[in-house]
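Residue numbers (my numbering), protein chains in the order written: chain A, 2 to 304; chain B, 2 to 304.
Protein chains: 2
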Amino acid sequence: MLLAAMNPSDFNHWMQAHAERMESWLEAHIPLHTSFPGRLHEAMRYSALGGGKRMRPLLAYAAGAVTEAQIEDLDVVGGAVELIHAYSLVHDDMPCMDNDVLRRGRPTCHVAFGEATALLVGDSLQTLAFELLAKTALSVPPSKQLGMLHLLAEASGAEGMAGGQAIDLASVNTEIDLAMLENMHLRKTGALIRASILLGARCGPQDTPEIQEALDQFARAAGLAFQVIDDVLDTEADTATLGKTAGKDAADCKPTYVSLLGLESARALAHSLHSRALEAITPLGDKATKLAELADFIVERRH
Amino acid sequence: MLLAAMNPSDFNHWMQAHAERMESWLEAHIPLHTSFPGRLHEAMRYSALGGGKRMRPLLAYAAGAVTEAQIEDLDVVGGAVELIHAYSLVHDDMPCMDNDVLRRGRPTCHVAFGEATALLVGDSLQTLAFELLAKTALSVPPSKQLGMLHLLAEASGAEGMAGGQAIDLASVNTEIDLAMLENMHLRKTGALIRASILLGARCGPQDTPEIQEALDQFARAAGLAFQVIDDVLDTEADTATLGKTAGKDAADCKPTYVSLLGLESARALAHSLHSRALEAITPLGDKATKLAELADFIVERRH
Numbered sequence: 002m003l004l005a006a007m008n009p010s011d012f013n014h015w016m017q018a019h020a021e022r023m024e025s026w027l028e029a030h031i032p033l034h035t036s037f038p039g040r041l042h043e044a045m046r047y048s049a050l051g052g053g054k055r056m057r058p059l060l061a062y063a064a065g066a067v068t069e070a071q072i073e074d075l076d077v078v079g080g081a082v083e084l085i086h087a088y089s090l091v092h093d094d095m096p097c098m099d100n101d102v103l104r105r106g107r108p109t110c111h112v113a114f115g116e117a118t119a120l121l122v123g124d125s126l127q128t129l130a131f132e133l134l135a136k137t138a139l140s141v142p143p144s145k146q147l148g149m150l151h152l153l154a155e156a157s158g159a160e161g162m163a164g165g166q167a168i169d170l171a172s173v174n175t176e177i178d179l180a181m182l183e184n185m186h187l188r189k190t191g192a193l194i195r196a197s198i199l200l201g202a203r204c205g206p207q208d209t210p211e212i213q214e215a216l217d218q219f220a221r222a223a224g225l226a227f228q229v230i231d232d233v234l235d236t237e238a239d240t241a242t243l244g245k246t247a248g249k250d251a252a253d254c255k256p257t258y259v260s261l262l263g264l265e266s267a268r269a270l271a272h273s274l275h276s277r278a279l280e281a282i283t284p285l286g287d288k289a290t291k292l293a294e295l296a297d298f299i300v301e302r303r304h
Numbered sequence: 002m003l004l005a006a007m008n009p010s011d012f013n014h015w016m017q018a019h020a021e022r023m024e025s026w027l028e029a030h031i032p033l034h035t036s037f038p039g040r041l042h043e044a045m046r047y048s049a050l051g052g053g054k055r056m057r058p059l060l061a062y063a064a065g066a067v068t069e070a071q072i073e074d075l076d077v078v079g080g081a082v083e084l085i086h087a088y089s090l091v092h093d094d095m096p097c098m099d100n101d102v103l104r105r106g107r108p109t110c111h112v113a114f115g116e117a118t119a120l121l122v123g124d125s126l127q128t129l130a131f132e133l134l135a136k137t138a139l140s141v142p143p144s145k146q147l148g149m150l151h152l153l154a155e156a157s158g159a160e161g162m163a164g165g166q167a168i169d170l171a172s173v174n175t176e177i178d179l180a181m182l183e184n185m186h187l188r189k190t191g192a193l194i195r196a197s198i199l200l201g202a203r204c205g206p207q208d209t210p211e212i213q214e215a216l217d218q219f220a221r222a223a224g225l226a227f228q229v230i231d232d233v234l235d236t237e238a239d240t241a242t243l244g245k246t247a248g249k250d251a252a253d254c255k256p257t258y259v260s261l262l263g264l265e266s267a268r269a270l271a272h273s274l275h276s277r278a279l280e281a282i283t284p285l286g287d288k289a290t291k292l293a294e295l296a297d298f299i300v301e302r303r304h
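Written out as structure tokens, the structure is:
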């Protein structure tokens, strides 16, 4: 089934339908608690299922529409990225990292299952991402699929997301400038958002270097906008709306866009990044409608 | 260069030369502390370089000789397995798991660099394993390489190594029988030893289902023998010889082959598994000499 075959007029319906589709895919691909070792599987399902905006899979679905990808392929790349994201949240919440007790309105994994199990849950969710992306036959040639695994790994590891978290750790109680903050976020959240978009597009038969380049520009701007808005919401919102502890970055003395720029300038930066993201995909025409709508959603969301 | 071209008469020389070769490969493929983010890279190198028996890469080199694999391919699969092994040691040593302060005669990663960095080091070493196995062009077809990635992931995740660690966690202070202990070790250490051997063989042009089957039998027996001997050494040896804290399993009330069978029967079991391993590869002839010598080494080692 091609995504383009779906009704493009109702963005909220599209978003909900695709988030539910991703939930079902994850439910079907994370081992059941009835299979051995049950408690580990149960904790993996607890951590990866039943919540979250599924922003990264949605970006993969939307980018796949640009290159006319098959939705079954997009399930796999979106699901793999989401599993990496889920693993990072479990480890990030642990006492030695952010020490957070609430995630998606529920106790974090280490609170519900203990720290040792949470460590193994994160480890196993990461492995599962690579396992599923390696074992599922996509419609692209195997050599291209290997390249996609490489892209996902590069986005996740020491040069990407994990590296961004290392910079984040080092930035507590220190003065960092806007360039270093941007560098950190391009890795910490940006690399995986970029991977979702580029991998989604790579699934389709119409994928070209020009499209990858336009989407790369889009991803860079939209990913930063996502983070700037996160900082704004962390300042403004209350814990109930966010589903995670609000005001935590300030309490932890972590630099944010709001602490460096102030609330108004941070909001202005988000809108400028939003415009830059939309410009980058203008040449792609109607096929990029869902990506544009997701960029709108990213800057307008309340949680 | 074919492994078979090397002098087969001197096993110790072979072992040392190949362990050094693996060390150089890892040194070349883990990012330098001079590249950003430096502290994470430094802690990754600290944890993965400069020690260890390199048993898993040695098994990959030896299994590759059976199918006439190119040594450059074996570097990649042996290195990827070793990075998974290194990540598991870093996480396993953390306070919420085994809480061990000594590894390979040096302070463990979390003691030297802090818990948060150790968490990210383990995460990043795992990612790097998949990254290197995905991005390096092996001499096998890309579709076969994808299958090898799948095999490594399956051996590492919730059904393999991480699952074995979850069973291990659950077994503290409980009574488990020999079948459950075997199940745990087939996952916890056995799965990765099996992966080293099967992946090494898959690199070569002479790889066949019959060879994979014989090596699978060998791997199962040799992997368990390795673990039984580990338990024996943990009972007998002192900390200085082991390079890690001796007698730790007993102190932690963890079931071992020695606690279930007694020292003499555990030793007898190791020798019976050793014989079973050698029988499995007898049909493979001289090409399996290094594997047989490694099986000997596994049961005869003192640390």
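Don't be surprised by glycine CBs; every beta carbon is placed ideally from N, CA and C.
Note that this is a predicted model, so its numbers are computed, not measured.
Residue burial is scored here from C-beta neighbours: Glu265/A has fewer than 16 other C-beta atoms within 10 angstroms and is therefore classed as exposed.
In the structure shown, the three-state DSSP call for Pro108/A is strand.
Residue-level contact by beta carbon fails for Ser48/A and chain B, as no gap is shorter than 8 Å. When 8 Å is used as the limit between beta carbons, Gly164/B is near these residues of chain A: Phe37, Pro38, Leu41 and Ser125, in chain order.
Excluding five sequence positions before and after Thr175/A, the CB atoms of its chain that fall closer than 8 Å to its own CB belong to Pro256, given in chain order.
Beta-bridge partners of Leu103/B (DSSP): Pro108/B. Inclusion of His42/B and Ala159/A in the CB contact set at 8 Å is warranted, their separation being smaller than that value. Residue-level contact by beta carbon fails for Ser266/A and chain B, as no gap is shorter than 8 Å. Contact between His151/A and Glu132/B holds: CB atoms are separated by about 6 Å, below the 8 Å threshold. A distance below 6 Å between beta-carbons, with the five flanking residues on each side excluded, links Ala63/B to the following residues of its chain, in chain order: Lys291, Leu292 and Leu295. Non-local beta-carbon contacts of Asp76/A in its own chain, meaning distances under 6 Å to residues more than five positions away in sequence, involve Trp26 in chain order. Proximity of Ile194/B to chain A, defined by a Cβ-Cβ separation below 8 Å, is not satisfied.
For Gly191/B, the nearest beta carbon of chain A is not closer than 8 Å to its own beta carbon. For Ser48/A against Val122/A, the beta-carbon gap comes to about 5 Å, under 8 Å, which counts as contact. Comparing alpha-carbon positions, the option among Ile299/A, Asp297/A and Met23/A lying closest to Val82/A turns out to be Met23/A. No Cβ of chain A is located within less than 8 Å of the beta carbon of Leu187/B.
Contact annotation for Lys136/A against chain B: His151 [CB-CB distance below 7 Å, chain order]. Using a Cβ-Cβ cut-off of 8 Å, Pro210/A is close to nothing in chain B; its nearest Cβ partner there is about 19 Å away. Pro108/A sits exposed, since fewer than 16 C-beta atoms from the chains shown fall within 10 Å of its C-beta. For Met23/B, the closest Cβ of chain A is not nearer than 8 Å. Among the CB atoms of chain B, one or more fall inside 8 Å of the CB of Glu116/A. Closer than 8 Å to the CB of Gly158/B there is at least one CB belonging to chain A. In summary, no residue of the segment 256-286 of chain A has a CB separated from any CB of chain B by less than 7 Å.
Chain-order list of chain B residues neighbouring His92/A: Leu120 and Asp124, by C-beta distance under 7 Å. For the pair of segments examined, the segment 114-128 of chain A was found not to touch the segment 138-148 of chain A: the number of CB pairs separated by less than 8 Å stays below three. Close CB contacts of His275/A within its chain, under the 8 Å cut and outside five residues either way in sequence, are with Ala222, Ala223, Ala226, Ala296, Asp297, Ile299 and Val300 (chain order). The beta carbon of Met98/A falls within 8 Å of a beta carbon belonging to chain B, placing the residue at that interface.
Taking C-alpha positions only, Phe37/A is separated from Ala44/A by approximately 13 Å. Assigned with DSSP and collapsed to three states, Lys291/B falls in helix. Under the three-state reduction of DSSP output, Met98/A falls in the coil class, being neither helix nor strand. Here Asn174/A carries a coil assignment [DSSP, helix/strand/coil].
In the displayed model, Ser140/A falls within coil according to three-state DSSP, outside both helix and strand. Counting only the Cα atoms, Ala269/A lies some 46 Å from Leu33/A. Here Gly53/A has Arg105 as same chain residues with Cβ atoms under 7 Å from its own Cβ, once five neighbours each way along the sequence are excluded. When Ala180/B, Phe219/B and Ala267/B are compared, the shortest CA-CA separation from Leu285/B is found for Phe219/B.
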